[in-house]
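Chemist:
Number of protein chains: 2
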Amino acid sequence: MIRFSESAPFSPISYSYEIDNILYKKKSQYQEIIVVENPYFGKIMLLDNVVQVTERDEFFYHEMLTHIAMHTHPNPKNIVVIGGGDGGTVREVLRHDCVERVYFIEIDKEVINTAKEYFPTIAGAVDDLRVLIKPMDGALFVKEVKDIDVLIVDSTDIIGFAESLFSDEFFRAVKGCLTKNGIFVTHTESLHFHKKMVIEMQHRLKGIFPIVDLYTTPLATYPGNWWAFAIASLSLNPRVYSRPCVSGTRYYDSEIHGQCFLTKGFYDKLINNRLDW
Amino acid sequence: MIRFSESAPFSPISYSYEIDNILYKKKSQYQEIIVVENPYFGKIMLLDNVVQVTERDEFFYHEMLTHIAMHTHPNPKNIVVIGGGDGGTVREVLRHDCVERVYFIEIDKEVINTAKEYFPTIAGAVDDLRVLIKPMDGALFVKEVKDIDVLIVDSTDIIGFAESLFSDEFFRAVKGCLTKNGIFVTHTESLHFHKKMVIEMQHRLKGIFPIVDLYTTPLATYPGNWWAFAIASLSLNPRVYSRPCVSGTRYYDSEIHGQCFLTKGFYDKLINNRLDW
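Which chain is which? The protein sequence lines are A and B, in order. Here numbering that gives the first Met the number 0 is used: the first residue of the first sequence is 0, the next is one more, and so on. Here numbering that gives the first Met the number 0 is used: the first residue of the second sequence is 0, the next is one more, and so on.
Written out as structure tokens, the structure reads:
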């Protein structure tokens, strides 16, 4: 049996996958892009030997990253997606008919090209006329854009060249580019494996945004699995959706929206470091 | 770096752990028992090379296996725990002062002995005077006991010698030994990795019990992580707790009780196989 072992940072369990084929392997300007085939997950894309997306379970991550913020906002028109070169987040954003413009800021164009060739069900939406692809650093882009309703960071792990997307300077720039109902959402790794990082991000965002919260979803492939999303808003409470669920989702719905946030008691214990764990 | 790779059945991702030490290794009559030390999880017990319990995260599993059923019941006195030789489930059961008797049915006494020596914070409660240890097959025990308020199966994976604890014959015998408010709970593996099995158990329990439901919790170590618990009851709705949270829990509380069940929409789609995944 041929296997690969993932090199995810700070993972106390190493995950390895059987592979049937290596379909693609190329070093871009930024990272090594690999596409393999696995008997359970289907095609898998790796960046620098870390699993980014699999055909089977990608919808859990993409829907949960996207739809909490998008359904909280009553009428999101101008959206920024930073990272997410596979196109899954853009696909979910475009399920909302009110969307007029998606700035798709992926620094590595090779990731988009690879996804379009090997993951058409994920990347198919990036050619939509509402999508403006800009292959540049998201940390620079947020300084030059205005009037954004929802800004989504769909980056690689926090360590590495995505680090600039988790700095206070970046968070302040995000706040500056949002409208008064604007919402920002980003993944912050796993509550099981990276609890300190999850807590740190909550505290740093609270120093900048008036409303900061945390929701989770159990994923199959990202190490630690209990995946945490930080959501920050200028005025709207992200625990309350303002519109019925768009059509086409496979996991997200209004009930999931109501259930995915940490309970108030657990959240309080978590961010005040009163959890003995 | 010294590592071991787990041999979990039906796991499309193989998990491997760094180890500092092998503390114990012995073949019992039933299985090979190993205790290792890991820099993140602390001590880990393996049975036939499958991780059963780790010092760091065991409380998530033991609390969630135990306290939903125990808090649903208004006054549970007679409890059966089948399996769970590490003692964690018995420890959680005994947090309820109303408990008078715990029949602790672990087929392999060597597991209990190993836990008492290497995991005293987990196994410490098994010497409580209310606990009656019976080293026998749980499938036989349920045929000879009566008037049980809560019956908990804390077994190894469904495949292997725990198979008899997931048969219709066993489920019928469990029903027969419960009081009219009785509740039965068992783990049914991972929603991410063993969805068919999770669904099958729900349908089979529905053929025997009037009330059957499903709740989940994200675990750090069991493969697939999104761990599913089947709960079956003769009269009480397990979504509704009847008593305030006992003291001493680290994760479970009344809010978590209210949130851990699948949403009605997702549950309905799941068990009717209307999920495209």
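The C-beta atom is built at its ideal place from N, Cα and C for all residues, glycine as well.
1. So residue 80(A) packs on residue 89(A), CB below 8 angstroms; how close in whole Å?
2. Keeping to the same chain, check which residues put their C-beta closer than 7 angstroms to that of residue 127(B); ignore five residues upstream and five downstream.
3. Say whether chain A places a C-beta atom closer than 8 angstroms to the C-beta of residue 123(B).
4. Quick check: what's the CA-CA separation for residue 161(B) versus residue 9(A)?
5. When burial is assigned at 16 or more other CB atoms within 10 Å of the CB, is residue 130(B) buried or exposed?
6. So does the stretch 22-31 of chain B actually touch the stretch 104-121 of chain B, counting three or more Cβ pairs closer than 8 angstroms?
7. Excluding five sequence neighbours on each side, which residues of the same chain lie with their C-beta closer than 7 angstroms to the C-beta of residue 36(A)?
8. At a Cβ threshold of 8 angstroms, is residue 13(A) touching chain B?
9. So is residue 258(A) in contact with chain B if we call contact Cβ pairs under 8 angstroms?
10. In three-state terms, what does DSSP make of residue 186(A)?
11. On the criterion of 16 or more Cβ atoms from any shown chain inside 10 Å, does residue 6(B) qualify as buried, or is it exposed?
12. Thinking just about the alpha-carbon of each residue, which of 248(A), 193(A), 237(A) and 121(A) is nearest to the one in residue 227(A)?
13. Can you check the stretch 16-87 of chain A for any alpha helix (DSSP H) of at least 4 residues that lies completely inside it and give the ranges in chain order?
14. If you measure from the beta carbon of residue 78(A) to each beta carbon in chain B, is any gap under 8 angstroms?
15. Assign residue 262(A) to one of three DSSP states: helix, strand, or coil.
16. Could you tell me if residue 232(B) is buried or exposed, where buried requires 16 or more neighbouring beta carbons within 10 angstroms of its beta carbon?
17. What residue range is occupied by the uninterrupted alpha helix (DSSP H) comprising residue 100(B)?
18. Per DSSP, what are the beta-bridge partners of residue 219(A) in this structure?
19. Could you check where the alpha helix (DSSP H) with residue 198(B) kicks off and where it finishes?
20. Would you tell me roughly how many angstroms separate the C-alpha atoms of residue 259(A) and residue 49(B), rounded to the nearest one?
21. Does residue 156(A) come within less than 8 angstroms of chain B when only Cβ atoms are used?
22. Please tell me whether residue 7(B) has its Cβ less than 8 angstroms away from any Cβ of chain A.
23. Need the endpoints of the alpha helix (DSSP H) that residue 115(B) sits in, please.
24. Less than 8 angstroms between CB atoms is the rule here; does residue 46(A) satisfy it with respect to chain B?
25. Does DSSP put residue 229(A) in a helix, a strand or coil?
26. Determine, using beta carbons only, whether residue 185(B) comes closer than 8 angstroms to chain C.
27. Pairs of beta-carbons, one from the stretch 141-156 of chain A and one from the stretch 113-120 of chain A, closer than 8 angstroms: are there three or more?
28. Anything in chain B within Cβ reach of residue 254(A), meaning under 8 angstroms, just list it in chain order.
29. How long is the line joining the alpha carbons of residue 4(A) and residue 157(B), rounded to whole angstroms?
30. Can you find a C-beta in chain A that's less than 8 angstroms from the C-beta of residue 275(B)?
31. Tell me, please, which residues DSSP counts as bridged to residue 150(B).
32. Could you list the residues in the stretch 212-224 of chain B with a C-beta less than 9 angstroms from some C-beta on chain A, going in chain order?
33. So residue 230(A) packs on residue 214(A), CB below 8 angstroms; how close in whole Å?
34. Residues of the stretch 54-66 of chain B with a CB closer than 9 angstroms to any CB of chain A: list them in chain order, please.
35. Out of 262(A), 201(A), 44(A) and 96(A), state which residue places its alpha-carbon closest to the alpha-carbon of residue 167(A).
36. If I measure Cβ to Cβ from residue 238(B) and keep anything under 6 angstroms in the same chain, skipping five residues before and after, which residues do I get?
Modeler: Per the coordinate set shown:
1. 6 angstroms
2. 93
3. no
4. 34 angstroms
5. buried
6. yes
7. 18, 19, 20, 22 and 42
8. It does: the Cβ of residue 13(A) has a partner Cβ on chain B nearer than 8 angstroms.
9. yes
10. strand
11. exposed
12. 193(A)
13. 57-71
14. no
15. coil
16. buried
17. Element bounds for residue 100(B): not the alpha helix (DSSP H) but the beta strand (DSSP E), 100-104.
18. Residue pairing by DSSP leaves residue 219(A) without any beta bridge partner.
19. 194-205
20. 30 angstroms
21. no
22. Not one chain A Cβ lies under 8 angstroms of residue 7(B).
23. 108-117
24. no
25. Correct three-state label for residue 229(A): strand.
26. Absent from the structure is chain C; the protein chains it does hold are A and B.
27. no
28. Ordered by position in chain B, the residues that pass the 8 angstroms Cβ test against residue 254(A) are 262, 263, 264 and 265.
29. 27 angstroms
30. Cβ-Cβ to chain A under 8 angstroms: yes for residue 275(B).
31. 79(B) and 183(B)
32. From the stretch 212-224 of chain B, only 215, 216, 217, 218, 219, 220, 223 and 224 have a Cβ closer than 9 angstroms to chain A.
33. 7 angstroms
34. 55, 56, 58 and 59
35. The candidate whose alpha carbon is nearest that of residue 167(A) is 201(A).
36. 260
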